[in-house]
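S.K.:
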Amino acid sequence: MYKRILTVQDISCLGQCSITVALPILSACGHEAVILPSAVLSTHTGCFTGFTFRDLSPDFDGIIKHWTDESIKFDAVYTGYLGNRNQVSDVERIFSTLTNPGAKLICDPAMADHGKLYCGFDGDYVKSISRLCEKSHIILPNITEACLLCGIPYSENITEEYVDKLTECLHEKFSATVVLTGVGFEKEKTGVLVSYSDGRKFHYSHKRIPQAFHGTGDIYSSAFVGAYMRGFDENGAAKLAADYTIKCIENTYGDGNHKYGVKFETAIPDLINVLMLNL
Ligand code: PXL
């Protein structure tokens with residue numbers, strides 16, 4: 004039950020996203036969380052200007068060599084925002100050499116939202132992340148990322164036909180189970196669709212809070228990975244992560260002083276309660 008999970012994503016020193024949310028959430032789920040920081044930024048790139056950025060790739064070889072010398076093995080490798088496209092090869096190397104039998108590769112292709120790539124990423128980055136998705140067991144794109152991975156134009160009009168087209172394309176390209184976020188077919192609703200390569204689907208619809216916050220995708224993916232690695236199946240982990248993310252947004256919505264992320268810390272007791280009740 005106690006798993007060692009490596010997460011590869013950036014340290015946004017301030018911003019409540021990437022490693023600063025993945026670490027506490029994975030720990031709250033009862034796992035050993037190991038980090039490989041892809042880059043260090045003063046803040047995330049979402050609603051700040053003037054942020055610093057240091058790519059940590061030059062440290063990767065030494066870190067990987069040390070872990071290899073120490074015979075360290077991971078039960079899962081969970082990736083998010085990478086410092087550059089070449090880090091995909093490092094993740095592939097880590098997954099093929101430093102994992103236990105049955106380990107999972109889980110990729111959040113954290114590179115875009117609301118129809119646009121995050122600042123600093125380009126088409127070549129999308130191609131590399133697509134290669135990582137080919138190797139992954141589970142991928143967690145939002146609608147924008149699914150469109151980029153498929154080469155399908157982004158639309159805000161989310162219909163069942165549009166989502167079917169996206170998931171069909173993702174399954175043609177990747178063998179992974181797809182956990183697609185931001186899927187709602189009714190006004191005031193959003194949700195998550197778990198789509199399996201054998202055609203099974205599970206849609207969890209929930210209320211939509213009418214404000215977009217940064218970092219909620221990272222919170223969602225971290226809670227999904229935490230629950231999944233605790234033995235929840237994909238549908239159960241997708242629902243638990245959605246409920247937790249909504250609670251984090253609810254605990255923040257209306258606080259005009261807190262705009263760059265969500266107060267995910269305040270809902271950690273709820274996350275632990277749900278985990279305890281279901282295990
Ligand atoms: O939440 C995704 C994310 C992670 N890391 C950095 C980001 C973003 C989104 O903007 O800028 C640095």
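Numbering (our numbering), first residue to last: 4 to 282. A virtual CB, placed ideally from N, CA and C, is assigned to each residue, including glycine.
Just the Cα atoms here: how many angstroms apart are residue 149 and residue 93?
M.R.: One C-alpha to the other measures close to 23 Å.
S.K.: Do the CB positions of residue 80 and residue 107 come within less than 9 Å of each other?
M.R.: Taking 9 Å as the Cβ cut-off, residue 80 and residue 107 qualify as a contacting pair.
S.K.: Under the criterion of a Cβ to heavy atom distance below 8 Å, does residue 42 qualify as lining the ligand PXL?
M.R.: For the ligand PXL, at least one heavy atom lies less than 8 Å from the Cβ of residue 42.
S.K.: Starting from the C-beta of residue 139, find all residues in its chain whose C-beta is less than 6 Å away, skip the five residues before and the five after it, and write them out in chain order.
M.R.: Only 108, 110 and 179 meet the Cβ criterion.
S.K.: Write down the C-beta distance between residue 251 and residue 222 rounded to the nearest angstrom, noting that I regard them as a contact closer than 8 Å.
M.R.: That pair is a contact at about 6 Å.
S.K.: For residue 113, is the beta carbon positioned less than 8 Å from some heavy atom of the ligand PXL?
M.R.: Answer for residue 113: yes, Cβ within range of the ligand PXL.
S.K.: Residues in the same chain with beta-carbon distance under 7 Å from residue 75, minus the five sequence neighbours each way, listed in chain order, please.
M.R.: Counting only Cβ-Cβ distances below 7 Å, and skipping sequence neighbours, we find 101.
S.K.: How would you label residue 269, buried or exposed, when you count the other beta carbons within 10 angstroms and need 16 or more for buried?
M.R.: Exposed: under 16 other Cβ atoms inside 10 Å.
S.K.: With a threshold of 8 Å (Cβ to nearest heavy atom), would residue 12 be considered close to the ligand PXL?
M.R.: Yes; taking the cut-off as 8 Å, the Cβ of residue 12 has a heavy atom of the ligand PXL nearer than that.
S.K.: Would you tell me roughly how many angstroms separate the C-alpha atoms of residue 211 and residue 241, rounded to the nearest one?
M.R.: If you take the alpha carbons of residue 211 and residue 241, they lie about 16 Å apart.
S.K.: Could you check how far apart the C-beta atoms of residue 58 and residue 86 are, in whole angstroms? I think they sit under 8 Å.
M.R.: Correct: roughly 4 Å between the Cβ atoms.
S.K.: Can you tell which of 199, 26 and 219 has the C-alpha that lies nearest to the C-alpha of residue 254?
M.R.: Residue 254 has its Cα closest to that of 219, out of 199, 26 and 219.
S.K.: Can you look up residue 5 in the DSSP assignment and give me helix, strand or coil?
M.R.: Coil.
S.K.: How many Å lie between residue 63 and residue 36 at the Cα?
M.R.: Near 18 Å, if we compare the C-alpha coordinates of residue 36 and residue 63.
S.K.: Pull up the CB-CB distance for residue 135 and residue 82, whole angstroms please, since I reckon it's below 8 Å.
M.R.: About 7 Å separates the two Cβ atoms, so the contact holds.
S.K.: Can residue 121 be considered in contact with the ligand PXL, in the sense that its beta carbon sits closer than 8 Å to one or more heavy atoms?
M.R.: Residue 121 Cβ: within cutoff of the ligand PXL.
S.K.: Could you check whether the Cβ of residue 117 sits closer than 8 Å to any heavy atom belonging to the ligand PXL?
M.R.: Checking every heavy atom of the ligand PXL against the Cβ of residue 117, none is found closer than 8 Å.
S.K.: Would you kindly check if the distance between the Cβ of residue 166 and the Cβ of residue 143 is under 9 Å?
M.R.: Against a cut-off of 9 Å, the Cβ pair of residue 166 and residue 143 comes out as no contact.
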